[in-house]
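Enquirer: This is the structure I want to talk about, given as structure tokens.
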Ligand code: SF4
């Protein structure tokens, strides 16, 4: 579930906050928006439905279309994608928008293990460069953060300092 509500902002007009209850699969690297979403009005952890690459197993591969919505984007482990390792820990990232400054969107990235928070970090998404500060080394987490921020800003009506440059 995604909750969208009024948020703290440096902007004069109210902006949106987005607090996701679900989390994408830990092995999912979202790369581009799905042209025709499975459910057009679905609430998703990355806000929009994304296509991308699965990094479970020794070989990265395009995510299976039949698992993309329920498994990769929604993180539903009951989804039988056939790629999620049976012994893997149930670790995933949850994102919450904290605030917007004139330069950046600030996200709280919460790492959960078996649905309990174990680590968290404030991350800034810079409007001009789409840089993350601090940068993430895990490229699935990095791609999920970027996807979330881009979709959030698009859904929130954009920001004067942000130029949308993804598909
Ligand atoms: S195919 Fe399965 S393991 Fe891979 S990203 Fe999607 S849900 Fe996760």
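Numbering (the numbering used here), first residue to last: 153 to 319. Heads up, the beta-carbon is just placed ideally off N, CA and C, and yes, glycines get one too.
#1: If you drop the 5 nearest sequence neighbours on each side, which residues of the same chain put their C-beta closer than 7 Å to that of residue 198?
#2: With hydrogens ignored, establish whether the beta-carbon of residue 291 is closer than 7 Å to any heavy atom of ligand 1.
#3: What residues in its chain sit with their C-beta under 8 Å from that of residue 237, if we drop five residues either side in the sequence?
#4: Given a cut-off of 8 Å, decide if residue 258 and residue 272 are closer than it, judged by their beta-carbon atoms.
#5: Look up residue 306 in the DSSP assignment and say whether it is helix, strand or coil.
#6: Quick check on the burial criterion: 16 or more other C-beta atoms within 10 angstroms. Buried or exposed for residue 241?
#7: Measuring straight from C-alpha to C-alpha, what distance separates residue 288 and residue 247?
#8: Taking 7 Å as the cut-off, is the beta-carbon of residue 215 closer than that to any non-hydrogen atom of ligand 1?
#9: Determine the DSSP secondary structure at residue 280, reduced to helix, strand or coil.
Expert: The structure says:
#1: Mapped onto the chain shown, residue 198 falls at position 46. Within the same chain, residue 198 has close Cβ partners 176, 182, 225, 296, 299, 300 and 303.
#2: Sequence index remark: in the chain shown, residue 291 carries index 139 (1-based). No, since every heavy atom of ligand 1 falls outside the 7 Å radius drawn around the Cβ of residue 291.
#3: Along the chain shown, one-based indexing puts residue 237 at 85. Correct list, in chain order: 208 and 209.
#4: Stepping through the chain shown from its first residue, residue 272 is reached at position 120. Stepping through the chain shown from its first residue, residue 258 is reached at position 106. No; because the gap between Cβ atoms is not below 8 Å, this pair is not in contact.
#5: To locate residue 306, count along the chain shown from 1; it is residue 154. If DSSP states are grouped into helix, strand and coil, residue 306 belongs with the helices.
#6: Here residue 241 refers to the residue found at position 89 when the chain shown is read from its first residue. With fewer than 16 Cβ atoms within 10 Å of its Cβ, residue 241 is classed as exposed.
#7: Position 136 of the chain shown, counted from the first residue, corresponds to residue 288. Position 95 of the chain shown, counted from the first residue, corresponds to residue 247. Spanning the two alpha carbons is a distance of roughly 14 Å.
#8: Residue numbering aside, residue 215 sits at position 63 when the chain shown is read from its first letter. Answer for residue 215: yes, Cβ within range of ligand 1.
#9: Taking the chain shown and counting its residues from 1, one reaches residue 280 at position 128. In the structure shown, residue 280 sits in coil (DSSP, three-state: anything other than H, G, I, E or B).
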